[in-house]
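Okay, so here's the structure we're looking at.
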Amino acid sequence: MDTLVYMLNFLKDKNVASITPTSSVGVRRVCSKIDFQHENLIVEYGPGTGVFSKYLLDRMGQDSRLILIERNRNFKSILTKKLDDPRVIIVHDSAENVLETLRACKESEADYIISGIPFSFLDHDLKHRILYNTHRALKKGGKFLVYQTCFQTNNHLKVHLKKYFPQVNSKYELANIPPLRTYEAIK
Ligand SMILES: C[S@@+](CC[C@H](N)C(=O)[O-])C[C@H]1O[C@@H](n2cnc3c(N)ncnc32)[C@H](O)[C@@H]1O
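Taking numbering that gives the first Met the number 0, the leading residue of the sequence shown gets 0, the next gets one more, and so forth.
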């Protein structure tokens, strides 16, 4: 059901960008960079129908918090109905406003920011505004974990990540439609 709803939104909103939600293998691969032994503040850009959000909530401690920033109104409504959990805050906004969102949630810096928003669709200024604000929103040592389609060249994202983050690792994950390119950028 979720996949059908997701596909219908894909047809109506180009920013949804992928035809199906991320596979469970893709979710596990991206989240393998998270240390769930500690209490964390995690921010997710573009949660869609919540495949990452659900996985995170199942593993996060009781004092951890998850802030979801989703610009598609239908997805925001689906998430609100689906995720009835006191650790979650769901915000209908765009990723570049992450600093204002953290302030409104009375939080300062995140341990992890996860993102599936389509960076290759963004113009240069918006891409850099999101990266600059994301870097500011993270703690020292915090991680920006990004998943994109595998068709991206380094010029789409990696070179831009390197302008802000001293360490950027990237890998491919084939068990997804389409295959993913994942990034781990460490502040
Ligand atoms: C590729 S989909 C990923 C959806 C979901 N996380 C998953 O893995 O199945 C991209 C998501 O990012 C959202 N999105 C696109 N641009 C955004 C932005 N600037 N700020 C917040 N969300 C955005 C879309 O609405 C969509 O939910």
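Glycine included, each C-beta is placed from N, C-alpha and C at the ideal position.
For residue i and residue j, I'd like the C-alpha separation in whole angstroms.
i    : j    : result
V158 : R128 : 15 Å
K138 : P165 : 14 Å
V4   : Y44  : 19 Å
F118 : S31  : 22 Å
R180 : K186 : 20 Å
K105 : V87  : 13 Å
P58  : A109 : Looking at the sequence itself, residue 58 is Arg, so the reference to Pro does not match. Approximately 17 Å between the Cα atoms of the pair.
Y146 : N153 : 13 Å
T19  : A174 : 13 Å
I89  : R27  : 22 Å
I99  : H91  : Before going on, a small fix: residue 99 reads as Glu here, not Ile. Taking the straight line joining both Cα atoms gives about 12 Å.
G25  : D83  : 24 Å
F120 : Y182 : 17 Å
According to the neighbour-count rule (16 or more other Cβ atoms, all chains shown, within 10 Å of its Cβ), is residue i buried or exposed?
i    : result
D62  : exposed
G140 : exposed
F51  : buried
T2   : exposed
Kindly indicate which residue of the options has the alpha-carbon position closest to the one of residue i.
i   : options                  : result
L65 : K80, I77, G49 and R72    : G49
S93 : H37, L101 and H155       : L101
V42 : S22, G25, E69 and D57    : E69
Q36 : A103, L55, D122 and L121 : L55
G47 : D12, V24 and G60         : D12
Tell me which same chain residues have a C-beta within less than 6 Å of the C-beta of residue i, skipping the five on either side of it?
i    : result
T148 : P177
Y163 : L130 and H134
Can you list, in chain order, the residues of its chain whose CB lies under 7 Å from that of residue i, leaving out five sequence neighbours each side?
i    : result
N8   : V15, N71, N73 and F74
K126 : F118 and H159
Grab me the residues of residue i's own chain with a C-beta within less than 8 Å of its C-beta, minus the 5 sequence neighbours each way, in chain order.
i    : result
I112 : I41, V42, E43, Y44, V97, T133, A136, L137, G141, K142, F143 and L144
S22  : A174, N175 and I176
I want to check one thing, is the minimum distance from the CB of residue i to the heavy atoms of ligand 2 below 6 Å?
i   : result
A94 : In the structure shown, ligand 2 is absent; the only ligands present are ligand 1.
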